[in-house]
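The block underneath contains the structure these notes are about, expressed in structure tokens.
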Amino acid sequence: MVNVVDIEDAYKTYALRDAAATTKDLLKWWDRGHRSMPWRRESTEPVSAAERTTWAYRVWVSEVMLQQTQVSRVAPYFERWMAKWPDVHALAAAPEEDVQALWSGLGYYRRCKFLREGAAALAAPGAQWPTTRADWLKVKGVGPYTAAAVSSIVYGEACPVVDGNVVRVVSRLAACGVAPSSTVGAKLWWRLAAQLVPADAARPGDANQAMMELGATVCTKANPACGDCPVKATCATHEKGEDPARYPAAEAKAKPVKVAVAALVLQTERLGKTVFALAKPAGKDASAFRSDASLYELPAVRLGAPDPTPAHLDAALDAAFDGARRGGARRDAEVVLARTRAAKAVAHSITSTRYAVTVERLVLRADPDDFDVVWLDAADLATRATSSLVAKALKAALVGAAPAKKRQAPPKAAAPKKAPRVVPIAAEAVPIAASAAAPAVATGSPFASFAFAPDEDGVAA
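So for the sequence shown, full-length UniProt numbering puts the first residue at 1; every next one is plus one.
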């Protein structure tokens, strides 16, 4: 890693070699073929003002969804989003909970909140539709990358974009070892990318998309296909015969923090249907996962130690039950008809936190109104905003779970003195909630239509 403190020195040291030739080769490669995506407009026919506005909206939504999220995962969400809210007016009129529910599983839930708020501002009477990078930066939640992407792709403004793929491409083109997130690096990538999209660029949108496409498909983080690279003739790393894995410079990542959580899948019958419990915490501090307060979760408790004993897990699960029930609701053999536990803890990640979630399923014979939760059948679970953990926990509780072992009493010295909701070794014992959608479970399962998504980093953001 190179330690450079002056942006001008860095710019002189790492200027690209023949940027004009690089851009020309990039565009030739782009024109020969690229991935088809639902938000891309491939037609070269003239575009009316109304069509351009729709195009801009689609690019805006796609770019927000693609932040920290893979293309393959975004595509189905984008299609569902556009089917429900094809323009800013439809999105502005949508209930916030509906928007969050559709977003469930994508993570970084603040993104959909800002999209809806931005749409409301643009749909307001007298609002001017943004057509430049400067105008887009005034829209709620739109940063430099998204503003540049929309304005260059849709409106032809000559301005570069910088995302992780672009950083990788330009750092290798320049053989630049500056730390990506350093003060100098953050400025340098924009300066280098601007050489490929100069002020007189004829096709700035295509050039930007070509750079991102190259980084995603050829100049990849691992095993880049340098032999197939259309710009290897002007690549400093290739000319020097260096290992492209050197660039961009590796940076130290935050050490993962391990956290244990005990979660409950509460199941009962209501109006002839099997229903499951979700709860909404009062705020991040009341969530076992420190999730956004707008998300529903399973009743759960966060333990204070990453490797709790069986007795402490039992106490935490009981505390989660106590936290979900209203005063006076019983917890005995007449209420709990069956108790099963997932074969192993469910793994879940949020940024640098690694959760190990012990999931227990309780089949209840009880009045649903005795619990301070929302009861939903399988078909309705996806209508609530949740993180992907809920879906994974439900799957673990329903597929391959075994009868729970007899409860073990925790050590007397660690037993709670008064409040039954405090777990012996836990730093806190707080009721939490659940998550939603992704690939289907087993055939015949009541969740066959309920999708299960992989971890999403930053669900609490």
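Just so you know, even glycine gets a beta-carbon here, dropped at the ideal spot from N, CA and C.
These numbers were taken from a predicted model, which means no experiment stands behind them.
Original post:
According to DSSP, is Arg325 helix, strand or coil?
Top reply: strand
**OP:** Over the uninterrupted beta strand (DSSP E) stretch that includes Glu51, give me the two end residues.
**Re:** Premise fails: Glu51 lies in the alpha helix (DSSP H), 49-66, not in any beta strand (DSSP E).
Original post:
Relative to the alpha-carbon of residue 463, which residue among Gly107, Val275, Glu97 has its alpha-carbon at the smallest distance?
Top reply: Summary: the structure shown does not reach residue 463, with the chain confined to residues 1 through 461, and so no result is reported for it.
Original post:
If we ignore side chains and look at the alpha-carbon of each, how far apart do Cys176 and Ala225 end up?
Top reply: 19 Å
Original post:
Got a sec? Which residues, its chain only, sit under 8 Å from Pro299 by beta carbon, not counting five neighbours each side?
Top reply: Ala263, Leu264, Leu266, Ala277, Ala279, Ala320, Phe321, Gly323, Ala324, Val373, Pro431, Ile432, Ala433
**OP:** Assign Ser181 to one of two classes, buried (16 or more other C-beta atoms within 10 Å of its C-beta) or exposed (fewer than that).
**Re:** exposed
Original post:
Of the residues Val169, Glu45, Arg339, Val139, which one's Cα is nearest the Cα of Ala222?
Top reply: Val169
Subject >> In chain order, each alpha helix (DSSP H) run of at least 4 residues that lies wholly inside the region 13-48 >> reply: 19-32
**OP:** Please classify Pro310: does DSSP put it in a helix, a strand, or coil?
**Re:** helix
Original post:
Using the C-alpha atoms, what's the distance from Cys235 back to Thr220?
Top reply: 15 Å
Subject >> Distance, Leu214 Cα to Arg17 Cα >> reply: 18 Å
Original post:
Can you round the beta-carbon distance between Ala305 and Ala260 to whole angstroms, since I take them to be within the 8 Å contact cut?
Top reply: 7 Å
**OP:** Check the DSSP bridge columns for Glu251 and list the partner residues they point to.
**Re:** None, per the DSSP bridge assignment.
Subject >> Outcome for Ser287 when other beta-carbon atoms lying within 10 angstroms are tallied against a minimum of 16 >> reply: buried
**OP:** Rank Ala233, Pro160, Ser171, Gln209 by C-alpha distance to the C-alpha of Asp200 and give the top, closest one.
**Re:** Pro160
**OP:** In the DSSP assignment, find the unbroken beta strand (DSSP E) run with Ala101 in it and report its ends.
**Re:** Careful: Ala101 lies outside any beta strand (DSSP E), inside the alpha helix (DSSP H) at 96-103.
Original post:
Rounded to a whole number of angstroms, what is the C-alpha to C-alpha distance between Asp370 and Val335?
Top reply: 11 Å
Subject >> Option nearest Leu337 by Cα separation, candidates Thr268, Asp307, Ala193, Val359 >> reply: Thr268
Subject >> From Leu364, Arg361, Arg290, residue whose alpha carbon lies closest to that of His348 >> reply: Arg290
Original post:
Any chance the region 139-153 sits against the region 49-60, with 3 or more Cβ pairs inside 8 Å?
Top reply: yes
Original post:
When the distance is taken between beta carbons, is Arg361 closer than 8 Å to Tyr296?
Top reply: no
Original post:
DSSP state of Phe289, grouped into three classes?
Top reply: coil
**OP:** List the DSSP bridge partners of Ile350.
**Re:** Thr353
Original post:
Is it a yes or a no for the region 81-101 touching the region 377-396, going by three-plus beta-carbon pairs under 8 Å?
Top reply: yes
**OP:** Count the other CB atoms, across all protein chains shown, that sit within 10 Å of the CB of residue 466; report buried if there are 16 or more and exposed otherwise.
**Re:** Summary: the structure shown does not reach residue 466, with the chain confined to residues 1 through 461, and so no result is reported for it.
Original post:
Taking the alpha carbon of Lys258 as the point to measure from, which residue in Val197, Ala252, Asp307 has its own alpha carbon closest?
Top reply: Asp307
Original post:
Do Phe114 and Lys140 come within 8 Å of each other at the CB atom, strictly closer than that value?
Top reply: yes
Original post:
For the alpha helix (DSSP H) that contains residue 465, what are its first and last residues?
Top reply: Examination of residue 465 is not possible in this model, given that the chain is present from 1 through 461 alone.
Original post:
Out of Ala174, Ala20, Lys84, Ser72, which has the shortest C-alpha to C-alpha gap to Pro248?
Top reply: Ala174
Original post:
What is the DSSP secondary structure of Leu298, reduced to helix, strand or coil?
Top reply: coil
Subject >> Backbone CA spacing between Ala426 and His312 [nearest angstrom] >> reply: Because Ala426 sits at a pLDDT of 32, beneath the cut-off of 50, its placement in the model cannot be relied upon, and the following sentence gives the value as read from the coordinates. Cα to Cα, Ala426 sits roughly 8 Å from His312.
Subject >> DSSP state of Arg339 mapped onto helix, strand, coil >> reply: strand
**OP:** Report all residues from its chain with a CB closer than 7 Å to the CB of Trp129; omit the five preceding and five following residues, and keep chain order.
**Re:** Thr53, Leu122
**OP:** Give, in chain order, every unbroken run of the alpha helix (DSSP H) that is at least 4 residues long and sits entirely within the region 113-183.
**Re:** 133-136, 144-155, 164-173
Subject >> Those residues which DSSP pairs with Trp375 across a bridge >> reply: Ala277
Original post:
Can you name the residues that DSSP bridges to Thr358?
Top reply: Ala262
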